């Protein structure tokens, strides 16, 4: 506690308290007496002359009450103040954290953001509610922030508008960074001083930070001159959480329909935790595993990995992982992946003489099949047009060069280093196949007989897929952006076109090459990013549905695309047009927001601020309370005096008489 004007109070006390005591020493003391005659009056009042200024001071309730009231007046003039929770005078900026960790719930199911909003509204009432003990009329601004910041309401002194702006703040599932929030606050507290040639003039501002303390960018910032900050801590230091850290999927092989899911789990508590993890595909349960997650060590959350048994997923869909647990933060107990459906391939075909491969490829579900002559193919290679196709298929076509791309080649060896050494191959039968390779799935090779071909001298850069009795028949290589599946003979020089395994082989090879390198899942988006997508012709608008069910109508641009954002929630975002669901985008929780332990002390640059404390001098004024107590004491003193002198009794008696009259 400090005293602003102690001298004034001491002077007043020294001048008034002795005077009050002196009056009590010298006051006349009369005793109520009944006398039968006025002749006796003189004897009754003789005690008036018997008072002594130094006689013993008799106990008096009135004296004690008057001394107490006088002491309170003296204390109020000394202006006592205590340092602590009172807001500073002047402008205030309320910084409200709405990041993912603020979605953590307490035991009553109330989130940290909801608690922060209630505390912020109480502060607004304290500052702008009116009355003797409210603020002095400074303006207040509210900034809501997560990984980005936005102004909920600029500076105003309207309590109603401020409370409405606080109620309108909603949770986001992004990270927490204070950098943008401070920039916005300073932009509104900095004015241009024309007398200083346009130099900025920053007004003093009290920053009220409502957060759990898990904020990025604090150390890189510093409080400017005149700025002070008060930290309102939400949550507890002992709060713990388990959640899904990462989730990924891959196909067992590049041409396989089987998908395998990998999940990592995090545990921020100091104890080992056991939980169940379930995955489902398009709402249908696929598998469940029990996992034991190690405890947190040296500040690093414990982690455990889960690998599920591969399952068939020939078409696209959504894989959903769910934790069977009840903890403070719910949003990280669910994660999802969108598995892209197999794309329809664009194939370029060139073959010499009989259209053997054309017949097979026309029976496949392709996006496009373009057939060109060998000379046209060579021209397209030179001009780079082959890059427009997923796979280039040739039969008995001589090519001087192979550009970057994917090729299925029958007959003449391509002009690559791996195929540069070869001789004419004699007749042979097939002996051994690499049946684990996607190209050779369901291919019965035992009946294949080749009359002649090309005997390639293989090196270490080549993988043999089908070995004949005399030389390798089918090979695969990938080098410097060129991927080739090579068949070292013309199918017309064999009985293969008459066997059922031939179309199987062509199908496998085209899909293996066409899908090779494609991601099994669509790219995960993060909170704060935007959604951009090309839309088919004829569509005027697209509906974006957020995980909480909110709808947003987005108009398609003239270029045939949409842009919507920023993304604010984790979960599945659905895009639909023409009345049907067309596309799903998965957004998962950031790992940085999973450690929900609240921080009691934050450091902004070199300034350390404790919870409910302030980086500047902020004091609670006690003198208004002292003056209020004076009024109460005087009221009690008046009541005691009236009771002692009979004033109250006479007043009540007169009221009774008036009633009967």
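In the working numbering, the protein residues as written are 9 to 669. From the three backbone atoms N, C-alpha and C, an ideal C-beta is built for every residue, glycine too. Keep in mind that this is a model prediction, so the values were computed, not measured.
Straight-line CA distance for residue 249 to residue 617?
When rounded, the distance between both Cα atoms is 26 Å.
Would you say the stretch 466-481 touches the stretch 428-447, given that touching needs at least three Cβ pairs under 8 Å?
Yes: the two stretches touch, three or more of their Cβ pairs being nearer than 8 Å.
Identify, in the order they occur along the chain, each residue of the same chain with its Cβ nearer than 6 Å to the Cβ of residue 368, setting aside the five sequence neighbours on each side.
Here the set comprises 511 and 514.
Measuring alpha carbon to alpha carbon, tell me which residue in 308, 73, 14 and 227 is nearest residue 28.
Taking only the C-alpha atoms, the option nearest residue 28 is 73.
Here's the rule: buried if 16 or more other CB atoms are within 10 angstroms of the residue's CB, otherwise exposed. What is residue 13?
Looking at its Cβ environment, which holds fewer than 16 other Cβ atoms inside 10 Å, residue 13 is exposed.
Using DSSP with H/G/I as helix, E/B as strand and the rest coil, what is residue 129?
Here DSSP, grouped into helix, strand and coil, assigns residue 129 to helix.
Skipping 5 residues on each side, what residues in its chain have a beta carbon closer than 8 Å to that of residue 148?
Hits under 8 Å: 99, 100, 101, 102, 132, 135, 136, 163, 164, 165 and 170.
Are three or more beta carbon pairs between the stretch 566-574 and the stretch 593-610 nearer than 8 Å?
Of all C-beta pairs linking the stretch 566-574 to the stretch 593-610, fewer than three are shorter than 8 Å, placing the two stretches out of contact.
Consult DSSP for residue 372 and reduce its assignment to one of helix, strand or coil.
Residue 372: coil per DSSP, three-state reduction.
So for residue 168, helix, strand or coil by DSSP?
Of the three classes helix, strand and coil, the one that applies to residue 168 here is helix, per DSSP.
Can you list, in chain order, the residues of its chain with a C-beta nearer than 6 Å to that of residue 485? Leave out the 5 residues immediately preceding and following it.
If we look at residue 485 and ignore the five residues flanking it on each side, its Cβ neighbours are 426, 469, 470 and 492.
As a quick exercise: from 276, 546, 167 and 172, pick the residue whose alpha carbon is nearest that of residue 302.
It is 276 whose Cα lies nearest to the Cα of residue 302.
Helix, strand or coil: how does DSSP classify residue 204 here?
Model confidence at residue 204 stands at a pLDDT of 47, short of 50, so the residue's coordinates are unreliable and nothing is read from them.
Below 7 Å CB to CB, which residues in the same chain sit around residue 70 once its five sequence neighbours on both sides are set aside?
Closer than 7 Å at the Cβ level, and outside the excluded window around residue 70, lie 645, 648 and 649.
Here's the rule: buried if 16 or more other CB atoms are within 10 angstroms of the residue's CB, otherwise exposed. What is residue 452?
Taking every protein chain shown into account, the CB of residue 452 has fewer than 16 other CB atoms within 10 angstroms, so this residue is exposed.
Can you tell me which of 111, 630, 498 and 366 puts its alpha carbon nearest to the alpha carbon of residue 180?
Ranking the options by Cα distance to residue 180, first place goes to 111.
Compute the Euclidean distance between the alpha carbons of residue 519 and residue 220, then round it to the nearest angstrom.
Taking the straight line joining both Cα atoms gives about 51 Å.
Can you list, in chain order, the stretches of the beta strand (DSSP E) that have 3 or more residues and sit fully within the stretch 487-537?
If we require 3 residues or more, the beta strand (DSSP E) runs fully inside the stretch 487-537 come out as 490-495.
Taking 8 Å as the cut-off, does the stretch 344-352 touch the stretch 120-129 (at least 3 CB pairs, one atom from each stretch)?
In the pairwise beta carbon analysis, the stretch 120-129 is classified as not touching the stretch 344-352: fewer than three pairs are separated by under 8 Å.
Residue range of the beta strand (DSSP E) that residue 358 falls in?
Note, residue 358: beta strand (DSSP E), 354-359.
In this structure, does DSSP put residue 683 in helix, strand or coil?
Nothing can be reported for residue 683, as the shown portion of the chain is limited to 9 through 669.
Residue 287 to residue 312 span [Cα, whole Å]
Distance between the alpha carbons of residue 287 and residue 312 is about 16 Å.
What do you get for residue 398, buried or exposed, if any count of 16 or more other CB atoms within 10 angstroms of its CB means buried?
Here residue 398 is buried, its C-beta having at least 16 other C-beta atoms within 10 Å.
Is DSSP giving residue 181 helix, strand or coil here?
Reduced to three states, the DSSP call for residue 181 is coil.
Given that a residue counts as buried once 16 or more other Cβ atoms are within 10 Å of its Cβ, and exposed if not, what is residue 270?
Its Cβ having fewer than 16 others within 10 Å, residue 270 is exposed.
C-beta atoms of residue 120 and residue 243 nearer than 7 Å:
Taking 7 Å as the cut-off, the Cβ atoms of residue 120 and residue 243 count as close.
Would you mind sorting residue 625 into buried or exposed? The rule is 16 or more other CB atoms within 10 Å of its CB.
Residue confidence for residue 625 is low, a pLDDT of 46 falling below 50, so the modelled location carries little weight and cannot support an answer.
Kindly identify the DSSP beta-bridge partner or partners of residue 325.
347, per the DSSP bridge assignment.
Return the CA-CA distance between residue 622 and residue 239, expressed in angstroms with no decimal places.
Bear in mind that a pLDDT of 49 at residue 622, under 50, signals an unreliable position, so the number given afterwards is only what the model happens to contain. One C-alpha to the other measures close to 7 Å.
Would you report the Cα separation of residue 314 and residue 279, rounded to the nearest angstrom?
Taking the straight line joining both Cα atoms gives about 19 Å.
Outcome for residue 151 when other beta-carbon atoms lying within 10 angstroms are tallied against a minimum of 16
Under this definition residue 151 is a buried residue.
If you follow the beta strand (DSSP E) that residue 218 is part of, which residue opens it and which one closes it?
For residue 218, the uninterrupted beta strand (DSSP E) segment begins and ends at 213-219.
Leaving out five residues before and five after residue 373 in sequence, what residues of the same chain have Cβ atoms less than 7 Å from its Cβ?
Around residue 373: 352.
For residue 215 and residue 230, the rounded distance between their alpha carbons:
Each residue's Cα considered, the two are about 13 Å apart.
Which class does residue 141 belong to by DSSP, given the choice of helix, strand or coil?
Confidence at residue 141 is low in this model, with a pLDDT of 46, below 50, so its placement is unreliable and the value that follows should be read with caution. If DSSP states are grouped into helix, strand and coil, residue 141 belongs with coil.
Output the distance between the C-alpha atoms of residue 167 and residue 173, rounded to the nearest integer angstrom.
Roughly 10 Å separates the two Cα atoms.
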